[in-house]
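**Q**
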Amino acid sequence: MIWEQHCLVIVMTTRVMERGRVKCGQYWEPSENSSLEFGNFLVRTVSIETNEDYTVASLELRNTKTDEVRNVSHWQFTSWPDYGVPSSAMAMINFLQKVREKQTQMVQALGDTWAGHPRGPPIVVHCSAGIGRTGTFITLDICISRLEDVGTADIRGTVEKIRSQRAYSIQMPDQYVFCHLALIEYAVSRGMIASVDLTGFNERDDESD
Numbered sequence: 001m002i003w004e005q006h007c008l009v010i011v012m013t014t015r016v017m018e019r020g021r022v023k024c025g026q027y028w029e030p031s032e033n034s035s036l037e038f039g040n041f042l043v044r045t046v047s048i049e050t051n052e053d054y055t056v057a058s059l060e061l062r063n064t065k066t067d068e069v070r071n072v073s074h075w076q077f078t079s080w081p082d083y084g085v086p087s088s089a090m091a092m093i094n095f096l097q098k099v100r101e102k103q104t105q106m107v108q109a110l111g112d113t114w115a116g117h118p119r120g121p122p123i124v125v126h127c128s129a130g131i132g133r134t135g136t137f138i139t140l141d142i143c144i145s146r147l148e149d150v151g152t153a154d155i156r157g158t159v160e161k162i163r164s165q166r167a168y169s170i171q172m173p174d175q176y177v178f179c180h181l182a183l184i185e186y187a188v189s190r191g192m193i194a195s196v197d198l199t200g201f202n203e204r205d206d207e208s209d
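Under full-length UniProt numbering, the letters of the sequence shown match residues 1 to 209, in that order.
1. Could you give the DSSP three-state label for Ile-10: helix, strand or coil?
2. Can you tell me whether Tyr-168 is buried or exposed, with buried defined as 16 or more other CB within 10 angstroms of its CB?
3. How would you call Thr-50, buried or exposed, if buried means at least 16 neighbouring beta carbons within 10 angstroms?
4. Compute the beta-carbon to beta-carbon distance between Cys-24 and Val-16, rounded to the nearest angstrom, for a pair I have assumed lies under 8 Å.
5. Work out the CA separation of Ser-58 and Trp-75 for me, nearest whole Å.
6. Taking the runs of the alpha helix (DSSP H) that are 4 residues or longer, which of them lie wholly in the segment 89 to 167?
7. Is it right to say Ser-34 is buried, meaning 16 or more other beta carbons lie within 10 angstroms of its own, or is it exposed?
8. Cα separation between Gly-111 and Leu-8?
9. Would you mind working out which of Glu-60, Thr-113 and Gln-97 sits nearest Ser-73, comparing C-alpha positions?
10. Distance, Cα to Cα, Val-188 vs Ala-89?
11. Please say whether Met-92 and Ala-182 have beta carbons closer to each other than 8 Å?
12. Need the endpoints of the alpha helix (DSSP H) that Ala-182 sits in, please.
13. Tell me the rounded alpha-carbon separation between Asp-206 and Pro-86.
14. Since Thr-139 contacts Val-159 with CB under 8 Å, what's their CB separation in whole angstroms?
Structure (structure tokens):
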């Protein structure tokens, strides 16, 4: 899929292991200058940059049949707690902004060789099941873009649209609440709205993976 869609950026919102369980397969090497082979494709980890909330791996994807090589940037968000959702959305928001910047940079680097959508090929976002954290990240991306473009955001409508394409996205109530809190934090940080008293707003009974 990555090769077929010419994807440049992968976003992973889970750790490989959480609470003693495998949450996601290790499809890239976590050490530099190491490779994994999957059928006709060789995945080499060129470099790794570790930050407080996320890790970025520069990957080289080689088609061993044609010897064509493409670069892929792998972004793993590591600050999502084992239970529930992050207490503050700013780490996720900053991560999202960095991902967007990287996508733009890599599309520009393609130059005239890319004739598709002006914003580039699709960004692949995944977690474990691909509905909870993935749905949360995608909802925030869409709603923040809309807030920047037209000054409003429709979280409910966005979730309904995503769910029509990927069932059960935004898996638990706390993730839905988190989207609202994150959008408020973003709007306050950008001076779009004044400070808001959210006392009691984030009291949640349900916890999610």
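Glycine is no exception: its CB is placed at the ideal position from the N, C-alpha and C atoms.
**A** Checking against the coordinates, here is how it stands:
1. strand
2. exposed
3. exposed
4. 5 Å
5. 9 Å
6. 90 to 110, 133 to 150 and 155 to 165
7. exposed
8. 14 Å
9. Glu-60
10. 12 Å
11. yes
12. 173 to 189
13. Reliability of the predicted coordinates at Asp-206 is poor, the pLDDT of 47 falling under 50, and the value obtained from them is presented with this limitation in mind. Looking at the two C-alpha atoms, the distance is approximately 14 Å.
14. 6 Å
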